[in-house]
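Undergrad:
Protein chains: 2
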Amino acid sequence: MENYDNLSSYNRDFFIERLRKNLDENRFNHCLRVEKKSKELAIRFNANITRAGISGLLHDYCKQMPKEKFIEAVKKFNLDEDLLNYGNGIWHGSIGADIIREELDVNDEIILNAIRKHTIADPYMTDIDKIVFIADFIEDARDFPEVDMARKIAEKSLDDAVSFELKHTLEYLINNNKKIYPKMLNSYNKWVVEEN
Amino acid sequence: MENYDNLSSYNRDFFIERLRKNLDENRFNHCLRVEKKSKELAIRFNANITRAGISGLLHDYCKQMPKEKFIEAVKKFNLDEDLLNYGNGIWHGSIGADIIREELDVNDEIILNAIRKHTIADPYMTDIDKIVFIADFIEDARDFPEVDMARKIAEKSLDDAVSFELKHTLEYLINNNKKIYPKMLNSYNKWVVEEN
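Chains as they are written, first to last, in this note's numbering: chain Y, 53 to 248; chain V, 53 to 248.
#1: Hey, is V:N98's beta-carbon within less than 9 Å of any beta-carbon in chain Y?
#2: Can you tell which of V:N98, V:L59, V:R103 has its C-alpha closest to the C-alpha of V:E207?
#3: Assign V:A193 to one of two classes, buried (16 or more other C-beta atoms within 10 Å of its C-beta) or exposed (fewer than that).
#4: If you measure beta-carbon to beta-carbon, which residues of the region 230–246 of chain Y are closer than 8 Å to chain V?
#5: Output, in sequence order along the chain, the residues in the region 206–227 of chain V whose CB is closer than 7 Å to any CB in chain Y.
#6: Using 10 angstroms around the beta-carbon of Y:S146, count the other beta-carbons present and answer buried if the total reaches 16, otherwise exposed.
#7: Could you compute how far the alpha carbon of V:G148 sits from the alpha carbon of V:C114?
#8: Does V:I163 pass the burial test, meaning 16 or more other C-beta atoms within 10 Å, or should it be called exposed?
#9: Whole beta strand (DSSP E) runs in the region 82–120 of chain Y with 3 or more residues, listed along the chain?
#10: Find out if the Cβ-Cβ distance for the pair Y:Y62, Y:L135 is shorter than 9 Å.
#11: Mind checking which residues open and close the alpha helix (DSSP H) that includes Y:T178?
#12: State buried or exposed for Y:K231, treating a residue as buried only when at least 16 other CB atoms are found within 10 Å of its CB.
#13: From the DSSP output, in three-state form, read off V:S60 for me.
#14: With DSSP as the reference, please indicate the residues paired to Y:V158 in a beta bridge.
#15: Just verifying my parser: in three-state terms, what is the DSSP assignment at Y:R72?
#16: Can you tell me where the alpha helix (DSSP H) with Y:E223 in it begins and where it stops?
#17: For Y:C153, which residues of its own chain have a beta-carbon under 8 Å away from its beta-carbon, when the five flanking residues on both sides are left out?
#18: Using a 10 Å radius around the Cβ and a threshold of 16 neighbouring Cβ atoms, would you call V:S209 buried or exposed?
#19: What span of residues does the alpha helix (DSSP H) with V:A206 cover, start to end?
#20: Does V:N248 come out as helix, strand or coil in the three-state DSSP assignment?
#21: Going by the CB atoms, is the gap between Y:I180 and Y:R103 shorter than 9 Å?
#22: For the alpha helix (DSSP H) holding V:N241, just list the boundary residues, first then last.
#23: Out of V:N58, V:K91, V:M117, state which residue places its alpha-carbon closest to the alpha-carbon of V:I186.
#24: Between V:P118, V:K128, V:V86, V:A213, which lies nearest to V:N140 when the distance is taken from Cα to Cα?
#25: Could you give the distance in angstroms between the alpha-carbon of V:K88 and the alpha-carbon of V:P197?
#26: Go through its chain and collect everything with a Cβ distance to V:L225's Cβ below 8 Å, but skip five positions before and after it.
#27: Where V:N229 and Y:F129 are concerned, what is the direct C-alpha to C-alpha distance, given to the nearest angstrom?
#28: Ignore the nearest five residues each way along the sequence and tell me which others in V:M201's own chain have a CB closer than 8 Å to its CB.
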């Protein structure tokens, strides 16, 4: 049993139990794979392995929560109401982090930020932010045309892997006429645009 | 000599003279072509031809102005300071409209908005806004792979042409790692995303 010391009063077994309760089998297994990949990346790039593991494990904890819970959380935690114009794809990170703080007693801002930023990234990212963002994209079961290239880039550089993922995610969204959260462009402008 | 009645105290000859003074030959000729195309679209879609013509003619009036003038204008007209993080590609529309109001005595908000919105569009667009946005993309000298398709769509529907242009402009910017003004995504989410 892995204890998380001062990062939460709960341990990994409790998190696993809560994830099972909130997620279907596929999503639950994805979380385990992102935990594994986040730890691998933390070892590779010399980041805190426990924080990377927790962030990866919990990143999609809120992915299948009902809409009402997010609407309630926006009010309760005084978050930007423009969030309500988007959907679960944005909410489970941006709003989810505060729900996780409350339900799982995770008070570590490094972990919460990594969860907060894992879908739209951010112009300012810690190594843990980058690791979870990338692990979600390249975990072992991911299978899409650019994934091998993404994995290769992630062997060398977290920054380059963030840039590659942002660019390809935006291309995918636009090619498929999918809604995009405008703040994601702040991330793109920071990490992809060459003048930076 | 075309007079603009109550839309400006100046006439077209004066605008032409000022455009020649502010723009190089290529850009000046582009403005004449956008004026022509805007008028054609106004006739086709039953919009105000004079307003479309003025908006098209003046849309790039500020395209080659020095940076200092835009910085000064942001303060003077109390505009969003985040604009200063971008460049002339955004400024000549978003800030340019207020400079045009002052220097060319254009006080018509329909015209000024069309100029303001011609690079990043907007979730809310009048027919004149749409016409200038499209005319800039498909004027007779434009030559890029999608332009024939864009022209064809613009024969039928302003909305579909706006959607096509936004999608392809964003794809172009991302493919080439170019900076994107995040508010452009509000336009994309409105005009391109299928749930709308």
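All C-beta atoms, glycine included, are put in the ideal place defined by N, C-alpha and C.
TA: According to the structure shown:
#1: Here residue 98 of chain V corresponds to residue number 46 of the second sequence, with the count starting at 1. Not an interface residue.
#2: Counting from 1 along the second sequence, the entry for residue 207 of chain V is found at position 155. The shortest Cα separation from V:E207 among V:N98, V:L59, V:R103 belongs to V:N98.
#3: As a working note, residue 193 of chain V is residue 141 in the second sequence. By the neighbour-count rule (16 or more Cβ atoms within 10 Å), V:A193 is not buried but exposed.
#4: K230, K231, I232, Y233, P234, K235, M236, L237, N238, Y240, N241, V244, V245, E246
#5: K219, L222, E223, I226
#6: For this step, residue 146 of chain Y is matched to residue 94 along the first sequence. Buried, by the Cβ-count rule.
#7: Numbered from 1 along the second sequence, position 96 holds the residue referred to as residue 148 of chain V. Numbered from 1 along the second sequence, position 62 holds the residue referred to as residue 114 of chain V. So the two alpha carbons sit approximately 6 Å from each other.
#8: By one-based count along the second sequence, residue 163 of chain V stands at place 111. Counting Cβ neighbours within 10 Å, V:I163 comes out buried, since at least 16 surround it.
#9: none
#10: Against the first sequence, residue 62 of chain Y aligns to sequence position 10. Against the first sequence, residue 135 of chain Y aligns to sequence position 83. Result no, Cβ atoms of Y:Y62 and Y:L135 do not sit closer than 9 Å.
#11: Locating residue 178 of chain Y in the first sequence gives position 126, counting from the first residue. It is not in any alpha helix (DSSP H) - Y:T178 carries neither H nor E in the DSSP assignment.
#12: Residue mapping note: residue 231 of chain Y aligns to position 179 of the first sequence, counting from 1. Answer is buried; the Cβ neighbour count reaches 16.
#13: Here residue 60 of chain V is taken as the residue at index 8 of the second sequence, counted from 1. Correct three-state label for V:S60: strand.
#14: Residue mapping note: residue 158 of chain Y aligns to position 106 of the first sequence, counting from 1. Paired residue(s): Y:S60.
#15: Reading the first sequence from its first residue, position 20 is the one you call residue 72 of chain Y. Looking at Y:R72 - three-state DSSP - the assignment turns out to be helix.
#16: Here residue 223 of chain Y corresponds to residue number 171 of the first sequence, with the count starting at 1. From DSSP, the alpha helix (DSSP H) with Y:E223 extends over 210–227.
#17: If you number the first sequence from 1, residue 153 of chain Y lands on position 101. First, the residue type needs correcting, since residue 153 of chain Y is Arg and not Cys in the sequence shown. If we look at Y:R153 and ignore the five residues flanking it on each side, its Cβ neighbours are N159, L164.
#18: Working through the second sequence from its first residue, we reach residue 209 of chain V at position 157. The residue in question, V:S209, is exposed, as its Cβ has fewer than 16 Cβ neighbours within 10 Å.
#19: Reading the second sequence from its first residue, position 154 is the one you call residue 206 of chain V. Looking at the DSSP string, the run of the alpha helix (DSSP H) that includes V:A206 is 199–206.
#20: Counted from its first residue, the second sequence places residue 248 of chain V at position 196. Reliability of the predicted coordinates at V:N248 is poor, the pLDDT of 49 falling under 50, and no value is obtained from them.
#21: Translated into positions along the first sequence, residue 103 of chain Y becomes position 51. Translated into positions along the first sequence, residue 180 of chain Y becomes position 128. Result yes, Cβ atoms of Y:R103 and Y:I180 sit closer than 9 Å.
#22: Here residue 241 of chain V refers to the residue found at position 189 of the second sequence. First-last of the alpha helix (DSSP H) with V:N241: 236–243.
#23: Taking the first residue of the second sequence as 1, we reach residue 186 of chain V at position 134. Minimum Cα distance to V:I186 is reached at V:K91.
#24: Position 88 of the second sequence, counted from the first residue, corresponds to residue 140 of chain V. Closest option to V:N140, Cα to Cα, is V:P118.
#25: What you label residue 88 of chain V is simply residue 36 of the second sequence in a count that begins at 1. What you label residue 197 of chain V is simply residue 145 of the second sequence in a count that begins at 1. Spanning the two alpha carbons is a distance of roughly 22 Å.
#26: One-based indexing of the second sequence puts residue 225 of chain V at position 173. Taken in chain order, the residues that qualify are K231, I232.
#27: Mapped onto the second sequence, residue 229 of chain V falls at position 177. Mapped onto the first sequence, residue 129 of chain Y falls at position 77. Those two C-alpha atoms are separated by around 36 Å.
#28: Taking the first residue of the second sequence as position 1, residue 201 of chain V is located at position 149. Excluding positions up to five away in sequence, the list reads F216.
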